[in-house]
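Before any comments, here is the structure.
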């Protein structure tokens, strides 16, 4: 795994790169308040066949925060187009989870010539209010805690499917220590601000973009997800001609981390059919 930075649209973006630069590119977008490391296990496996590029999107991880607090899906899709140009990619496979999936749909609808195939992970224009509320409550808790392990305990209570070591490996890249010794999140606190209206406008007009999709598309749903219902997943599949839908057992909303082996198997099977 290699780390890099790219400057685009006035911001510095951090990314992780796996696999040979000579292989077909696979670009991966994480969910809200997560980082490029959300894809670590998946990227390590898929890098046997692909050049995997995992981006810290604006306001997340080690990328710059938006000075104007603009985190709309349209702005993030524009970021990706500028980054694609900087990377020199003519065509690539695009995968996005949750917020990253929304951004991936938005990007693909606007730049279909660059996306050979699309993987949408546990999101659609219809998401469950209960799941959104669970995420909102989690990210709007006190954001400064005395120790790293306090955050580990909080994250494990939120998602007990993960081992403590798995959670620690993620949080090492999503937390920073303050001068007084306490810990807090790396991401822009505006992303968790109540006045932002968590995801309130993110889905506006997204069905129009879904209906514009024409590339091979895989929809991946966590069997235990509280965000994407089976009915919404089927409606999404029906709206995208020729798309495939797979449900990953033992996985909630964070499908790639909850059951990476099954996610990799489903992804490989889909990509082999392209």
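In our numbering, the protein residues as written are 452 to 725.
Glycine included, C-beta positions come from ideal geometry on N, C-alpha and C.
Taking 3 residues as the shortest admissible run, the region 569-639 contains the following complete beta strand (DSSP E) segments, listed from N- to C-terminal end: 626-628, 634-636. Judged by DSSP secondary structure, residue 548 falls within the beta strand (DSSP E) whose first and last residues are 543-548. Counting along the chain, the unbroken alpha helix (DSSP H) around residue 526 starts and ends at 524-538.
Rounded to the nearest whole angstrom, the CA to CA distance from residue 535 to residue 541 is 8 angstroms. Within the model, the alpha-carbon separation for residue 468 versus residue 501 is close to 10 angstroms. Here residue 481 carries a coil assignment [DSSP, helix/strand/coil]. Under the DSSP assignment, residue 658 falls in the alpha helix (DSSP H) whose first and last residues are 657-662. The bridge partners DSSP lists for residue 684 come to none.
Taking a 10 Å sphere around the C-beta of residue 611, we find fewer than 16 other C-beta atoms and assign the residue as exposed. An exposed status is given to residue 471, since fewer than 16 other beta-carbon atoms sit within 10 Å of its beta-carbon.
Annotated three-state conformation of residue 488 is helix, per DSSP.
Between the alpha carbons of residue 705 and residue 617 lies a gap of roughly 13 angstroms. Closest by C-alpha distance to residue 642, out of 473, 512, 499, is 512. In the DSSP assignment, residue 708 falls within the alpha helix (DSSP H) that extends over 706-709. Counting the other CB atoms within 10 Å of its CB gives residue 710 a total of 16 or more, which places it among the buried residues.
Here residue 479 really is in contact with residue 494; their C-beta atoms are around 7 angstroms apart, less than 8 angstroms. In this structure, DSSP gives residue 719 a helical state, which the three-state scheme calls helix.
Burial of residue 517 is indicated by the presence of at least 16 other C-beta atoms within 10 angstroms of its C-beta.
In the structure shown, residue 461 falls within a coil segment according to DSSP collapsed to helix, strand and coil. In terms of Cα proximity to residue 506, the closest of 523, 689, 499, 528 is 528.
When C-beta atoms of the region 562-570 are compared with those of the region 592-599, fewer than three pairs fall below 8 angstroms, so the two segments do not count as touching. Rounded to whole angstroms, residue 697 and residue 632 show a C-alpha spacing of 44 angstroms.
Less than 9 angstroms divides the Cβ of residue 687 from the Cβ of residue 576.
For residue 501, the enclosing beta strand (DSSP E) begins and ends at 501-506.
Within the same chain, Cβ atoms closer than 6 angstroms to the Cβ of residue 658 are found at 576, the five residues on either side in sequence being excluded.
Note on geometry: alpha-carbon atoms of residue 509 and residue 693 lie some 32 angstroms from one another.
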